[in-house]
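Residue numbers (the working numbering), protein chains in the order written: chain P, 1 to 207; chain Y, 208 to 414; chain X, 415 to 621; chain U, 622 to 828. Even for Gly, the Cβ is constructed at its ideal location relative to N, Cα and C.
4 protein chains.
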Amino acid sequence: MARPEVSAEQKQVKREAILKVALEVFAEKGYHATGIADIASRLEAGHGTIYRYFKNKLDIFLTLYESLNAEFLAVAWGTRPDLAETREEYIAVMHKFCIDFSQIFLREINRIRIFFEEVYADPEIRKSFEAAQAEFLDTTIRFLTIGREKGFVRPELHIPSTARLMNAMVFDTMRAGTEPESASSNILLLATTLIDLFARGAMPQLK
Amino acid sequence: MARPEVSAEQKQVKREAILKVALEVFAEKGYHATGIADIASRLEAGHGTIYRYFKNKLDIFLTLYESLNAEFLAVAWGTRPDLAETREEYIAVMHKFCIDFSQIFLREINRIRIFFEEVYADPEIRKSFEAAQAEFLDTTIRFLTIGREKGFVRPELHIPSTARLMNAMVFDTMRAGTEPESASSNILLLATTLIDLFARGAMPQLK
Amino acid sequence: MARPEVSAEQKQVKREAILKVALEVFAEKGYHATGIADIASRLEAGHGTIYRYFKNKLDIFLTLYESLNAEFLAVAWGTRPDLAETREEYIAVMHKFCIDFSQIFLREINRIRIFFEEVYADPEIRKSFEAAQAEFLDTTIRFLTIGREKGFVRPELHIPSTARLMNAMVFDTMRAGTEPESASSNILLLATTLIDLFARGAMPQLK
Amino acid sequence: MARPEVSAEQKQVKREAILKVALEVFAEKGYHATGIADIASRLEAGHGTIYRYFKNKLDIFLTLYESLNAEFLAVAWGTRPDLAETREEYIAVMHKFCIDFSQIFLREINRIRIFFEEVYADPEIRKSFEAAQAEFLDTTIRFLTIGREKGFVRPELHIPSTARLMNAMVFDTMRAGTEPESASSNILLLATTLIDLFARGAMPQLK
DNA sequence: AATGAATGAGCGTTCATTCAT
DNA sequence: TATGAATGAACGCTCATTCAT
Numbered sequence: 001m002a003r004p005e006v007s008a009e010q011k012q013v014k015r016e017a018i019l020k021v022a023l024e025v026f027a028e029k030g031y032h033a034t035g036i037a038d039i040a041s042r043l044e045a046g047h048g049t050i051y052r053y054f055k056n057k058l059d060i061f062l063t064l065y066e067s068l069n070a071e072f073l074a075v076a077w078g079t080r081p082d083l084a085e086t087r088e089e090y091i092a093v094m095h096k097f098c099i100d101f102s103q104i105f106l107r108e109i110n111r112i113r114i115f116f117e118e119v120y121a122d123p124e125i126r127k128s129f130e131a132a133q134a135e136f137l138d139t140t141i142r143f144l145t146i147g148r149e150k151g152f153v154r155p156e157l158h159i160p161s162t163a164r165l166m167n168a169m170v171f172d173t174m175r176a177g178t179e180p181e182s183a184s185s186n187i188l189l190l191a192t193t194l195i196d197l198f199a200r201g202a203m204p205q206l207k
Numbered sequence: 208m209a210r211p212e213v214s215a216e217q218k219q220v221k222r223e224a225i226l227k228v229a230l231e232v233f234a235e236k237g238y239h240a241t242g243i244a245d246i247a248s249r250l251e252a253g254h255g256t257i258y259r260y261f262k263n264k265l266d267i268f269l270t271l272y273e274s275l276n277a278e279f280l281a282v283a284w285g286t287r288p289d290l291a292e293t294r295e296e297y298i299a300v301m302h303k304f305c306i307d308f309s310q311i312f313l314r315e316i317n318r319i320r321i322f323f324e325e326v327y328a329d330p331e332i333r334k335s336f337e338a339a340q341a342e343f344l345d346t347t348i349r350f351l352t353i354g355r356e357k358g359f360v361r362p363e364l365h366i367p368s369t370a371r372l373m374n375a376m377v378f379d380t381m382r383a384g385t386e387p388e389s390a391s392s393n394i395l396l397l398a399t400t401l402i403d404l405f406a407r408g409a410m411p412q413l414k
Numbered sequence: 415m416a417r418p419e420v421s422a423e424q425k426q427v428k429r430e431a432i433l434k435v436a437l438e439v440f441a442e443k444g445y446h447a448t449g450i451a452d453i454a455s456r457l458e459a460g461h462g463t464i465y466r467y468f469k470n471k472l473d474i475f476l477t478l479y480e481s482l483n484a485e486f487l488a489v490a491w492g493t494r495p496d497l498a499e500t501r502e503e504y505i506a507v508m509h510k511f512c513i514d515f516s517q518i519f520l521r522e523i524n525r526i527r528i529f530f531e532e533v534y535a536d537p538e539i540r541k542s543f544e545a546a547q548a549e550f551l552d553t554t555i556r557f558l559t560i561g562r563e564k565g566f567v568r569p570e571l572h573i574p575s576t577a578r579l580m581n582a583m584v585f586d587t588m589r590a591g592t593e594p595e596s597a598s599s600n601i602l603l604l605a606t607t608l609i610d611l612f613a614r615g616a617m618p619q620l621k
Numbered sequence: 622m623a624r625p626e627v628s629a630e631q632k633q634v635k636r637e638a639i640l641k642v643a644l645e646v647f648a649e650k651g652y653h654a655t656g657i658a659d660i661a662s663r664l665e666a667g668h669g670t671i672y673r674y675f676k677n678k679l680d681i682f683l684t685l686y687e688s689l690n691a692e693f694l695a696v697a698w699g700t701r702p703d704l705a706e707t708r709e710e711y712i713a714v715m716h717k718f719c720i721d722f723s724q725i726f727l728r729e730i731n732r733i734r735i736f737f738e739e740v741y742a743d744p745e746i747r748k749s750f751e752a753a754q755a756e757f758l759d760t761t762i763r764f765l766t767i768g769r770e771k772g773f774v775r776p777e778l779h780i781p782s783t784a785r786l787m788n789a790m791v792f793d794t795m796r797a798g799t800e801p802e803s804a805s806s807n808i809l810l811l812a813t814t815l816i817d818l819f820a821r822g823a824m825p826q827l828k
C-alpha cells in the first residue's frame, strides 16, 4: 500500500520538475522554438525520459496552460459581488479581485507570459484559451448582473459588451506586467485606473 | 529611362499579387502552418519566384503586417481632438475614430486576423507589433492630453494608464470582429459601449 | 541441492508464462509491432523482469519459433514409410502425416501464424526457418526414397525437386488454415487433394 | 507543349533511378532495416529529394511490389489453355507459363526476393500480396476449369484446392530461385518436376 | 525573369535495453 | 529476484531556401 503511494508521489515530483524547466524554456523561446531536446538538456535528462511523463510537447504545454487558467478562474469565481451592500463594497470586491489576480501574476510571471504569447501556437492551445476566455466572460457577466440588481451598475449598460471590454482591460493589465518596465506598464496603477474608469468614466460628471 | 520604370512598376504589381494570396493563406492557416509552397501554388507560380520579390517568408508576412499597422496608425493620427469645442464634439471625434477603424476592419478582416493571431509567431513580428502598439499608445495619449487641456477629461486620471486601457478595449473590439458571431462580439455594440464607459463609467452617478 | 532444482523449476515456469503471453502478442501484432512493454504489461510484470529470463526480444521469438519447428520435425521424422507394405499403406502414412500436422495446427494456430508471417522479420529468424526447411526437406526426401525403393514412387521422378514441391504444398496447406475462412482454405480438403495429386496427378491416366 | 512532356519524362527517369537503387537496398537489407537515408546515400542525393518523387518509404516499396505483381499477372492471364486441342498442347501451355515466369525471375531476381520476403513487413504490403495471390488463384482456376472442360483434367479433382496447391508449387519454385544455389533449388528442374507431377502424379500408374 | 528540383538541418517521437534500487 | 525509470540512437519526414537552367 505504501509503495504505490511513494511511486505515484515520485512520479508527481518528476512531472513537476519537468513542468518547471519546460515553463522556463517555453517562456524564453516560445512554444515553436522550444524543442524537447532543449527541455531535456536543461533538465539534464535524456529526452526519452520526458515522454515517460508526458504524451508529447503539446501535452506539457497544455498542462502548464490549463493549470494557470484554473488558478485564474478560481479567483474569478471566488469574487463575491453578492455580498456587497454598498457601492463602496462593490468596488472593494473588484479591487480585491485585481489584487488577487496580481498576486498570481507576481508568482507566475512565466506562465502568464506563455498564456498570452502562445494562444495561437497550436489549435489545441487556442481551444483551451477560448474556453477559458468564455468562462472568464461568464464570471464578469455575473459580477455585472449582480451589480445591476443591486443598483451599482447603470441599468442601461449592455452587460455582455461591458463584460468583454472589462476583461480586455484586465488581461491587458496582466500582459503589461510581463513587459519590460515602462511608465505605462505598472500593473497596480493600471488596476487602479481600471477601477476608476469603471466607477466614474473618463469624463467629468455633468452637474 | 522608360524601361526600368516599367520594370519597377511590374515588379510592384507582382509583389502585390504575392501579398494578396499570401494574406489569404496566412489568414486561413496561420504563419507557421503556411508554407511557401502553399503561397506559390495558389499564385500558380514557382516557389522560387517568390524569392525574387521577397527575402523570405517572414519578409512577406512583415510587409502585410506593417502595412496594416500603417493604415491603423494613419487613422489614429488623423483624429482631431484639437478641433473639438464641446464635450459632444470630443465624443464625436472618438466615435468617428471607431467608425473609421471599423471600416478598415470590414475591408481587411484577413489582415486583422493575422494581426492578432501571429503576434508572437516570430520575434520580428513581435517587435513590429510592439512598435505599433507604442505608437498607438502615443496617439491615445495625445487624444487624452488634448481632452484634459480642454476640460473633457477628468484631470486626476492617469493618462498613460488610461490610454493603455482604452487601447486594450479598442483592439479587443477589433478582435471580436474576427471571431465567429456571438452576442458579445458585435463590433458596433462594443464600440458604443466603449464610448459609453469612457463618457460615464459603469456606475450610476452620485447626485 | 534441492534448492537450485526448485529454483530452476520455478525459472522454467516463469519462462513458459512469458512465452505464452509473448506468443499471443506476437500473433496479434507481429514481431516488429510488438514491444517488450506489450508483453510485460499483459504478463502484469515489469519489463525488466523479462530480461532476466530471455536475452532479448529475438530470444523470446526464436524460442517460440524453434519449439514449433521441433514439434513439426518430430512429426515429420515420426512417419514410417519403411513400414508400408502396400501402395495403400504408403498413402496411409502420408495421410497420417497430414492428420498429425493438422492437429498441431489446431492446437498451435498462433505459433503457426508467426511461423509463416515472421520468417524474414530478422536474419536470425530466417536462419532458423531455413534450417528447419532443410530438415523438413530431408524428411520428405527420406519418405520418397523409401517409397521408390518399395516401388511406390515412379523411379524417374527427381526426388529432391519433388520433395521441395511437396513441402511447398504442405506448408501452404498449413498457411491456408491461418487465413480467414474461404472455400479454398479448407485445410482438410487441401490435404485430401494434395494426396490425390500425389497419387494420381491432375490429368486422366492414359489407357 | 514540349516542355511539360520533357519535364514529366525527366521526372519519370528520376523515379526509376530511385526505384532502381531502392530495390537494391531493399533486397540487401529488407524493408524494415532499410532507411530512406540508405537509399538516398546510394543515390548520391539528399534524402529530401526522394520525397519529391514518392510519398514515403512504403510508397516506394509498393511501387516496386505492385509492378512485379502486374508483370506476373500479365503472364498468368496471358496463358491460353483454351487454344490447347490435345493433352500435349495443354501441357505445353503450362510449360510456356513456367518458362515465361522464369524469365521474369531471371530479369527481376531482386524484386522477386522482396516479393517473397517482405509480405508481412507492413499491412499495406500484405494487402497487396493477398490481392495478387487471389488473382493468381483465379488464373489457375481458369486454367484448370478450361482443362476439365476439354477433358485434360480429371473431373473429380477439386479445382480451387488444386489451384491453390499448384500456385504454392509455382511460387515456391520462384522462391527457390532466390536462394543460394543448391541441388534442390534449380528452377528449371523444379518446373519440369511440377509439370510431371501435374501430369502423372508421383506414383506409378496402376495398370 | 522565372522556375522547381535539390537540399539537409532539424523536428517530434519510439522503444529495446540497462541498471540502481 | 523483480522492478521500471532512464536512456539515446535511430527513425521517417517536412520545408525554407538555393541555384542551375
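Alpha carbon to alpha carbon, how far is Q217(Y) from D245(Y)? Give it in angstroms, no decimals.
23 Å
Whole angstroms is fine: what's the gap from Y219(Y)'s alpha carbon to E16(P)'s?
According to the sequence as given, residue 219(Y) is Gln; it is not Tyr. Each residue's alpha carbon lies about 54 Å from the other.
Give a yes or no on whether the minimum CB-CB distance between A409(Y) and chain P is below 8 Å.
Chain P contact via Cβ: present.
At a CB distance below 7 Å, what residues from the stretch 652 to 684 of chain U approach chain X? Give them in sequence order.
H653
Is R589(X) buried or exposed, if buried means 16 or more other CB atoms sit within 10 Å of its CB?
buried
Can you have a look at N690(U) and say buried or exposed, based on whether 16 or more other CB atoms are within 10 angstroms of its CB?
buried
Counting only runs that start and end within the stretch 431 to 486 of chain X, where is the alpha helix (DSSP H) found for 4 or more residues in a row?
450 to 457 and 461 to 467
When burial is assigned at 16 or more other CB atoms within 10 Å of the CB, is D122(P) buried or exposed?
D122(P) should be labelled buried.
Quick check: is the beta carbon of S782(U) nearer than 8 Å to any beta carbon in chain X?
yes
Run through DSSP, which three-state label would D586(X) get?
Here D586(X) sits in helix by DSSP.
What residues from the stretch 765 to 790 of chain U come within 9 Å of chain X, judged by C-beta to C-beta, listed N to C?
L765, G768, G772, F773, V774, R775, P776, E777, L778, H779, P781, S782, T783, A784, R785, L786, M787, N788, A789 and M790
Hey, how far is the Cα of S516(X) from the Cα of S723(U)?
33 Å
Once DSSP output is grouped into helix, strand and coil, what is the label at P367(Y)?
Here P367(Y) sits in helix by DSSP.
Can a CB atom of chain Y be found closer than 8 Å to the CB of R87(P)?
Yes, R87(P) lies at the interface with chain Y (some Cβ there is under 8 Å from its Cβ).
Distance cutoff 8 Å, beta carbons only. Does D289(Y) sit that close to anything in chain P?
no
In three-state terms, what does DSSP make of R636(U)?
helix
Is there a C-beta anywhere in chain U that falls below 8 Å from the one on L604(X)?
yes
Given R540(X), which residues of its chain have a CB within under 7 Å of its CB, disregarding the five upstream and five downstream residues?
V533 and Y534
How long is the line joining the alpha carbons of G591(X) and G656(U), rounded to whole angstroms?
34 Å
May I ask you to report which of helix, strand or coil DSSP gives E135(P)?
helix
What residues of chain X sit near Q826(U), judged by a beta carbon separation below 7 Å?
By Cβ distance, chain X contributes Q619.
When the Cα atoms are used, what is the spatial distance from R775(U) to F529(X)?
34 Å
How many angstroms separate the CA atom of L437(X) from the CA atom of L765(U)?
39 Å
Report the rounded CA-to-CA distance for G768(U) versus G822(U), giving the unit in angstroms.
16 Å
Taking just the CA atoms, how far does A454(X) sit from L579(X)?
41 Å
Let me make sure I understand the geometry here. Which of A283(Y), A234(Y), F261(Y) and E337(Y) has the alpha-carbon closest to that of I348(Y)?
A283(Y)
Considering only the alpha carbon of each residue, which of Y260(Y), L280(Y), P367(Y) and M301(Y) lies closest to A338(Y)?
L280(Y)
According to the neighbour-count rule (16 or more other Cβ atoms, all chains shown, within 10 Å of its Cβ), is R701(U) buried or exposed?
exposed
Closer than 7 Å by C-beta to A784(U): which residues in its own chain qualify, once you throw out the five before and the five after it? Chain order, please.
L758, T761, I762 and L765
Determine the extent of the alpha helix (DSSP H) in which M94(P) is found, giving its start and end residues.
Per DSSP, M94(P) is one residue of the alpha helix (DSSP H) stretching across R87 to R107.
List the residues of chain X that A820(U) touches, going by C-beta distances under 7 Å, in chain order.
In chain order: G615 and M617.
Ordered along the chain, which non-local residues of its own chain (more than five positions away) have a Cβ less than 8 Å from that of D721(U)?
V696 and G699
Would you tell me roughly how many angstroms separate the C-alpha atoms of D574(X) and V646(U), rounded to the nearest one?
Looking at the sequence itself, residue 574(X) is Pro, so the reference to Asp does not match. Going by the C-alpha atoms only, they are around 32 Å apart.
Decide if T707(U) is buried, meaning its Cβ has at least 16 other Cβ atoms within 10 Å, or exposed.
exposed
When you check each C-beta in the stretch 101 to 126 of chain P against every C-beta of chain Y, which residues fall closer than 7 Å?
E117, E118 and Y120
For L194(P), decide whether its Cβ has a neighbour in chain Y, counting only Cβ atoms nearer than 8 Å.
yes
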